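S.K.: I have a structure I would like to understand better, so I am pasting it below and will then ask my questions one at a time.
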Amino acid sequence: MSGGAAEQYNIHDAKTNLSRIIERVERGEEIVISRAGHPVAKVVPLIRKVNRGGRGSLRGRLVLAPDWDSDETNAQIADDFGTTS
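Positions in the sequence shown are counted from 1; adding 1 to them yields the numbering used here.
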């Protein structure tokens, strides 16, 4: 994103050009929507945290060791985090 001011559209123009505005936002721009010359909203890119389809999306791609949930492994993790009882 550039350090300059966001482009501004009035509500009528924003409705007319919504597809173009969304394309620009997808490229990283921020767009301000105004009513009667006063900014009322900002359209900004949505940053996706994880690109997963949902439950089970890692099936077949994630391999766990046979002892991944053993008492010894859990004790070591607790010790690493300083929560050993």
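A virtual CB, placed ideally from N, CA and C, is assigned to each residue, including glycine.
Computed from a predicted model, the values in this text were never measured in an experiment.
I'd like to know if the region 7 to 15 and the region 30 to 49 are in contact, where contact means that at least 3 CB-CB pairs between them fall below 8 Å.
M.R.: Short answer: they touch.
S.K.: Looking only at DSSP bridge pairs, what is Arg36 linked to?
M.R.: Paired residues: His39.
S.K.: Verify whether the separation of the beta carbon atoms of Ala7 and Glu30 is less than 9 Å.
M.R.: Cβ distance < 9 Å, so Ala7 and Glu30 count as in contact.
S.K.: Over the uninterrupted alpha helix (DSSP H) stretch that includes Glu27, give me the two end residues.
M.R.: Taken as a continuous stretch (DSSP letters only), the alpha helix (DSSP H) holding Glu27 covers 19 to 27.
S.K.: What residues are listed by DSSP as bridge partners for Gln77?
M.R.: None, per the DSSP bridge assignment.
S.K.: Hey, Val45 and Ile23: beta-carbon distance below 9 Å or not?
M.R.: Contact flag unset, no.
S.K.: Have a look at Ala79, Pro40, Arg25 and flag the residue whose alpha-carbon is nearest the alpha-carbon of Leu47.
M.R.: That would be Arg25, whose Cα lies nearest to the Cα of Leu47.
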